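As you go down the protein sequences, you meet chains D and G in turn. All residue numbers for the first sequence refer to my numbering, where the first residue is 18 and numbers rise by one. All residue numbers for the second sequence refer to my numbering, where the first residue is 4 and numbers rise by one. Here the structure comes first, spelled out in structure tokens, and everything after it is commentary.
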Amino acid sequence: MNKEKLSRRDFLKLTAATSTGAALAGLGPLSSIAAAQDQVELTFGRHWEAAFRPRQAEYDEGFMERHPDIKVSITYNTWADHNNVVPAWAAAGTLPDIIYVHGSRATPWAHEGIIIDIHDIVVADEEFNVEGMWEESVRLYRVNGRIHALPYDHGPIILGYNKDLFDAAGMDYPGEDWTMEDMAAAAIELTDPDAGVWGWDGGLDLGNGGGGFFTGAWGAVTMNEDETAMTFDSPEMRDALNHWYKLIHEDGAGASGTERESFPNSQPFRAGVAAMGHIATWSTPSMRALANFEWDVAPTPMGPDGSRYTGAFGSGYGITPTSDKPDVAWRYLREYLSLDGMIFMWSLSGRGSPARPEGLEAWLTSDPAPPSGRYFLEAMFDYAVTGPPFQSLAAAQVSNILSREADLLRLGETTVEEAIATITEEGNAALDEVAGM
Amino acid sequence: MFRRLTQPISPSARREERIFYLFIAPWLIGLIAFSIGPVFGMLGLSFTDWRISLDDLQFIGLDNYSKLFADPIFWTSVGNTLYIVVGRVVFGVSFALLLAILLNQKVPGIAFFRAVYYLPTVTAGVAVALVWIWIFNPRLGILNYSLKQIGIQGPDWIFSKTWVKPSLILMSMFSVGPIMIILLAGLQGVPKELYESAEIDGAGNWAKFRNVTLPMLSPVLFFVIIISVVSSFQNFTEIRVMTEGGPGESSNVLIWYLWENAFIFLQLGIAAAVAWIMFVILMVLTGIQFRVGRRWVYYEADA
Chain D
18 MNKEKLSRRD FLKLTAATST GAALAGLGPL SSIAAAQDQV ELTFGRHWEA AFRPRQAEYD
78 EGFMERHPDI KVSITYNTWA DHNNVVPAWA AAGTLPDIIY VHGSRATPWA HEGIIIDIHD
138 IVVADEEFNV EGMWEESVRL YRVNGRIHAL PYDHGPIILG YNKDLFDAAG MDYPGEDWTM
198 EDMAAAAIEL TDPDAGVWGW DGGLDLGNGG GGFFTGAWGA VTMNEDETAM TFDSPEMRDA
258 LNHWYKLIHE DGAGASGTER ESFPNSQPFR AGVAAMGHIA TWSTPSMRAL ANFEWDVAPT
318 PMGPDGSRYT GAFGSGYGIT PTSDKPDVAW RYLREYLSLD GMIFMWSLSG RGSPARPEGL
378 EAWLTSDPAP PSGRYFLEAM FDYAVTGPPF QSLAAAQVSN ILSREADLLR LGETTVEEAI
438 ATITEEGNAA LDEVAGM
Chain G
4 MFRRLTQPIS PSARREERIF YLFIAPWLIG LIAFSIGPVF GMLGLSFTDW RISLDDLQFI
64 GLDNYSKLFA DPIFWTSVGN TLYIVVGRVV FGVSFALLLA ILLNQKVPGI AFFRAVYYLP
124 TVTAGVAVAL VWIWIFNPRL GILNYSLKQI GIQGPDWIFS KTWVKPSLIL MSMFSVGPIM
184 IILLAGLQGV PKELYESAEI DGAGNWAKFR NVTLPMLSPV LFFVIIISVV SSFQNFTEIR
244 VMTEGGPGES SNVLIWYLWE NAFIFLQLGI AAAVAWIMFV ILMVLTGIQF RVGRRWVYYE
304 ADA
């Protein structure tokens with residue numbers, strides 16, 4: 018073995034190299050610490066259910082790679098609790114930088130200073146194409162003409178049907194020329210009590226979005242344009258409510274409120290025992306996952322005068338006043354709510370209802386989109402209108418009244434006349450209470 | 004305090020007193036900071052237009068109270084609350100007493116039955132409420148299924164304006180574990196000699212229950228009734244999970260009315276007023292119970 022003796026010079030070289038390496042290695046963590054110190058933490062209050070959180074995490078990881086100076090931290094609430102948690106955060110002064118804002122909460126939360134006016138930031142950002150969003154969706158977040166939040170989703174409500182039950186009855190699927198009368202006649206024909214099948218799933222909703230589907234075709238209007246008075250007491254509303262009440266309680270062709278409770282999430286249509294039901298894009302992933310039958314969608318049936326109408330609604334994100342970095346929050350939102358962001362989050366994932374037409378178009382290629390999903394797009398372009406109440410400070414109270422009376426109508430615990438009288442009286446009282454605020 | 008003013012106390016007693024206050028200090032500070040303080044803070048806020056922010060609060064006097072008294076739903080919720088409280092206390096305490104008497108018997112496997120009846124108490128309230136939603140399901144629920152077996156068409160339970168309150172009372176009877184345990188402890192404290200004396204005097208079971216058990220148990224019953232009234236007022240989980248105040252407003256109780264005003268309508272000033280009204284109602288009811296209690300509660304020490 019040839020042993021070479023280490024010269025003094027070699028020793029010094031080696032020592033220098035080793036110590037330099039050690040010094041550089043030591044600087045590594047230091048530089049990481051410096052980077053971490055430069056990082057800004059952006060906090061979020063969201064509501065995704067557990068199954069959708071990996072998608073969000075994937076998006077955030079990509080965002081943080083693109084923006085190493087930002088660290089995204091999320092607090093998740095359940096959807097049902099979020100609207101109650103946010104006011105508690107606000108009262109305690111612990112709001113995160115960005116919060117999920119259901120469309121019905123935008124006006125009251127803007128009024129209470131829970132979300133800030135972002136109009137100037139949005140308009141000044143030339144790369145952020147706010148005009149590319151559904152105008153009906155942005156309208157939800159305009160308070161006194163100024164944008165206070167931005168939508169991520171917005172969807173119309175149209176008719177869903179169980180192809181298997183139609184096939185078994187030897188009936189044609191709902192068509193583009195269907196009226197509400199055609200729908201009711203088919204529902205009666207499809208109903209088979211012995212088989213535990215209803216033609217209609219018993220849905221009857223009077224609130225945001227749903228109200229438009231159930232009453233708009235008759236020309237009925239819940240409130241006046243600026244949401245200062247109820248216009249519920251009208252012959253058109255009477256006709257609309259009588260149509261559904263008769264279908265459920267007299268014809269027995271729709272599951273009653275009590276009967277609906279026997280099915281998960283009170284949805285006989287999804288359980289496969291109702292031939293038709295109302296459906297939104299955001300409910301298609303659960304249909305895809307849970308419905309063990311063939312199903313599709315059709316346009317909302319037309320009213321007596323041949324006009325078509327439905328409601329649409331959605332949710333968005335707002336920046337809070339306690340955020341000390343609204344500029345950073347906007348850097349996130351402008352990407353998240355861009356077309357690319359929406360396609361990643363809500364189109365390709367199949368979640369549904371992106372608030373941009375191109376996003377909804379892209380969603381049509383996803384797994385949960387039904388074969389005739391294009392009808393959602395048509396509804397958004399042609400006849401869906403964002404459903405009240407959402408502009409009034411009494412929106413929550415009015416929604417509560419509408420929801421309560423719809424519940425009683427489904428259960429058969431009130432009559433159409435009583436419901437109309439109660440909604441009108443209590444709704445107007447709630448609106449008067451906030452007049453001038 | 005008076006004793007201290009009139010009688011000098013020894014240094015050791017004073018040291019003992021200081022130690023006493025030192026030991027209870029954590030609890031006392033917590034009580035003042037998190038209970039008494041907020042109670043009076045809430046009173047102040049009930050006279051304001053508090054919505055979310057505490058900045059720019061406007062003093063509006065009794066406006067919140069006036070609005071409440073003019074709101075028919077408030078009165079509905081007061082009526083519903085009293086209905087449910089009376090039902091829960093009368094039926095709940097009676098059922099708990101019956102169970103306690105049964106579980107006080109010396110029979111094999113009694114520990115098992117005690118555990119069974121206490122089990123709902125240690126189960127999460129939300130889980131219990133979810134189970135009861137299915138028990139009450141008019142089509143698939145075990146309750147209506149059982150009734151059907153004996154030829155009775157069951158009602159719609161929590162989905163009916165008429166039946167929702169009785170349903171909630173019925174459900175509460177299965178969560179009487181804690182008061183049952185207290186009553187059981189009370190029963191076991193009744194001296195056996197009293198029963199023996201009663202038997203010598205020729206008393207039957209009913210006479211022994213009426214003349215021995217009830218008087219000896221009356222301080223415990225008094226305590227149980229007071230805590231049952233308080234807890235019935237504060238019962239929120241079932242309403243939140245099972246009925247949300249419905250159908251209509253038929254199960255809208257004060258605590259739900261308060262919560263809706265605070266977290267749905269963002270009218271925190273009104274919610275504070277409701278909280279104070281509840282507080283006053285509870286104080287009055289407790290005061291009445293103490294006054295009436297003097298007539299029927301037997302304290303052995305006073306005899």
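All residues carry an ideal CB built from backbone N, CA and C; glycine is no exception. This one's a predicted model, so the numbers in the text were calculated from it and none came from an experiment.
Closer than 8 angstroms to chain D by CB, Ser80 (chain G): For this step, residue 80 (chain G) is matched to residue 77 along the second sequence. Ser80 (chain G) does not count as touching chain D.
Near-chain D residues of the segment 160 to 173 of chain G - C-beta to any C-beta below 8 angstroms: Phe162, Ser163 and Lys164
Beta-carbon gap between Val300 (chain G) and Pro222 (chain G) smaller than 8 angstroms: Residue numbering aside, residue 300 (chain G) sits at position 297 when the second sequence is read from its first letter. Residue numbering aside, residue 222 (chain G) sits at position 219 when the second sequence is read from its first letter. Yes, the Cβ-Cβ distance between Val300 (chain G) and Pro222 (chain G) is below 8 angstroms.
With 16 other Cβ atoms within 10 Å as the buried cut-off, status of Asn282 (chain D): Looking up residue 282 (chain D) in the first sequence gives position 265. With fewer than 16 other Cβ atoms within 10 Å, it is exposed.
Whole-angstrom distance between Thr441 (chain D) and Arg163 (chain D), CA atom to CA atom: Taking the first sequence and counting its residues from 1, one reaches residue 163 (chain D) at position 146. Taking the first sequence and counting its residues from 1, one reaches residue 441 (chain D) at position 424. Near 30 angstroms, if we compare the C-alpha coordinates of Thr441 (chain D) and Arg163 (chain D).
Three-state secondary structure (DSSP) of Phe230 (chain D): Numbered from its first residue, the first sequence carries residue 230 (chain D) at position 213. It is helical.
C-beta contact flag for Thr248 (chain D) and Ala452 (chain D) at 8 angstroms: Translated into positions along the first sequence, residue 248 (chain D) becomes position 231. Translated into positions along the first sequence, residue 452 (chain D) becomes position 435. Their beta carbons are not under 8 angstroms apart, which means Thr248 (chain D) does not touch Ala452 (chain D) by this criterion.
Under 7 angstroms from the C-beta of Ser279 (chain D): neighbouring residues of chain G: Here residue 279 (chain D) refers to the residue found at position 262 when the first sequence is read from its first residue. Under the 7 angstroms cutoff, chain G gives Asn140, Arg142 and Leu143.
Within-8 angstroms CB hit, Ser235 (chain G) to chain D: In the second sequence, counting from the first residue as 1, residue 235 (chain G) sits at position 232. Not an interface residue.
Neighbour list for Glu424 (chain D) in chain G, Cβ cutoff strictly below 8 angstroms: By 1-based counting over the first sequence, the position of residue 424 (chain D) is 407. Inspection of the sequence shows that residue 424 (chain D) is occupied by Asp rather than by Glu. Here the neighbours are Gly249, Pro250 and Gly251.
Segment contact flag, the segment 330 to 346 of chain D with the segment 123 to 133 of chain D, C-beta cutoff 8 angstroms, min 3 pairs: yes
Buried versus exposed, by CB contacts within 10 Å (16 or more), Phe293 (chain G): For the purposes of this step, residue 293 (chain G) is identified with residue 290 of the second sequence, where counting begins at 1. Under this definition Phe293 (chain G) is an exposed residue.
Status (buried if at least 16 other CB within 10 Å, exposed otherwise) for Gly290 (chain G): The sequence position of residue 290 (chain G) within the second sequence is 287, counting from 1. Per the 10 Å Cβ criterion, exposed.
Assigned exposure category for Glu241 (chain G) - 16 Cβ within 10 Å defines buried: Position 238 of the second sequence, counted from the first residue, corresponds to residue 241 (chain G). So Glu241 (chain G) ends up on the buried side.
Glu206 (chain D) at chain G interface by Cβ criterion, 8 angstroms: Within the first sequence, residue 206 (chain D) is the residue found at index 189, counting from 1. No, no contact with chain G.
With 16 other Cβ atoms within 10 Å as the buried cut-off, status of Ile27 (chain G): Within the second sequence, numbered from 1, the residue matching residue 27 (chain G) stands at position 24. Burial call: exposed.
Assigned exposure category for Ser149 (chain G) - 16 Cβ within 10 Å defines buried: Locating residue 149 (chain G) in the second sequence gives position 146, counting from the first residue. With fewer than 16 Cβ atoms within 10 Å of its Cβ, Ser149 (chain G) is classed as exposed.
Whole-number beta carbon distance between Val42 (chain G) and Phe282 (chain G), since they are thought to touch under 8 angstroms: Here residue 282 (chain G) is taken as the residue at index 279 of the second sequence, counted from 1. Here residue 42 (chain G) is taken as the residue at index 39 of the second sequence, counted from 1. About 7 angstroms; that satisfies the 8 angstroms criterion.
Extent of the continuous alpha helix (DSSP H) to which Asp293 (chain D) belongs: Residue 293 (chain D) sits at position 276 when you count from the first residue of the first sequence. The sequence given here places Met at residue 293 (chain D); Asp does not occur at that position. Premise fails: Met293 (chain D) lies in the beta strand (DSSP E), Ala291 to Ala297, not in any alpha helix (DSSP H).
As assigned by DSSP and simplified to three states, the class of Ser69 (chain G): Taking the first residue of the second sequence as position 1, residue 69 (chain G) is located at position 66. Helix, per DSSP.
Any C-beta of chain G under 8 angstroms from that of Ile437 (chain D): Residue numbering aside, residue 437 (chain D) sits at position 420 when the first sequence is read from its first letter. Closer than 8 angstroms: no.
From D:Phe61, D:Leu428 and D:Glu58, residue whose alpha carbon lies closest to that of Trp261 (chain D): Taking the first sequence and counting its residues from 1, one reaches residue 261 (chain D) at position 244. Measuring from the Cα of Trp261 (chain D), the nearest candidate turns out to be D:Leu428.
Residue-level contact to chain G via CB, Ile131 (chain D), 8 angstroms cutoff: Your numbering for residue 131 (chain D) matches position 114 in the first sequence. Closer than 8 angstroms: yes.
Interface flag, Ile273 (chain G) vs chain D, CB-CB below 8 angstroms: Position 270 of the second sequence holds residue 273 (chain G). With 8 angstroms as the cut-off, Ile273 (chain G) does not count as an interface residue toward chain D.
Proximity to Tyr353 (chain D) [Cα-Cα], best of D:Thr95, D:Tyr169, D:Asn101 and D:Asn94: The residue given as residue 353 (chain D) occupies position 336 in the first sequence. Checking every option, the nearest Cα to that of Tyr353 (chain D) belongs to D:Tyr169.
The segment 45 to 56 of chain G: positions lying closer than 8 angstroms to chain D by Cβ: Arg54, Ile55 and Ser56
Cβ pair count under 8 angstroms reaching 3, the segment 179 to 199 of chain G against the segment 101 to 113 of chain G: yes
Within chain G, the residues that Asn445 (chain D) reaches when beta carbons sit closer than 9 angstroms: Within the first sequence, numbered from 1, the residue matching residue 445 (chain D) stands at position 428. The contacting residues do not exist; Asn445 (chain D) stays about 14 angstroms from chain G at best.
Continuous alpha helix (DSSP H) stretch holding Glu422 (chain D): start and end: Locating residue 422 (chain D) in the first sequence gives position 405, where the first residue counts as 1. Where Glu422 (chain D) is concerned, the enclosing alpha helix (DSSP H) stretches over Ala412 to Leu428.
For Lys211 (chain G), the first and last residue of its enclosing alpha helix (DSSP H): As a position in the second sequence, residue 211 (chain G) is number 208, starting the count at 1. Run containing Lys211 (chain G): Asn208 to Lys211, per the alpha helix (DSSP H) assignment.
Contact between the segment 301 to 316 of chain D and the segment 109 to 119 of chain D (3+ Cβ pairs under 8 angstroms): no
Chain G contact for Ala123 (chain D) (CB, 8 angstroms cutoff): Taking the first sequence and counting its residues from 1, the one referred to as residue 123 (chain D) is at position 106. No, Ala123 (chain D) does not count as interfacial toward chain G.
8 angstroms Cβ cutoff met for Val102 (chain D) and Ala127 (chain D): If you number the first sequence from 1, residue 102 (chain D) lands on position 85. If you number the first sequence from 1, residue 127 (chain D) lands on position 110. No. Outside cutoff.
Test: Ile267 (chain G) CB closer than 8 angstroms to a CB of chain D: Locating residue 267 (chain G) in the second sequence gives position 264, where the first residue counts as 1. Output row for Ile267 (chain G): interface = yes.
Chain G contact for Leu428 (chain D) (CB, 8 angstroms cutoff): The residue you call residue 428 (chain D) lines up with position 411 of the first sequence. It does: the Cβ of Leu428 (chain D) has a partner Cβ on chain G nearer than 8 angstroms.
Counted within 10 angstroms of its Cβ, other Cβ atoms place Arg348 (chain D) as buried (16 or more) or exposed: Against the first sequence, residue 348 (chain D) aligns to sequence position 331. Buried, because 16 or more other Cβ atoms sit within 10 Å of the Cβ of Arg348 (chain D).
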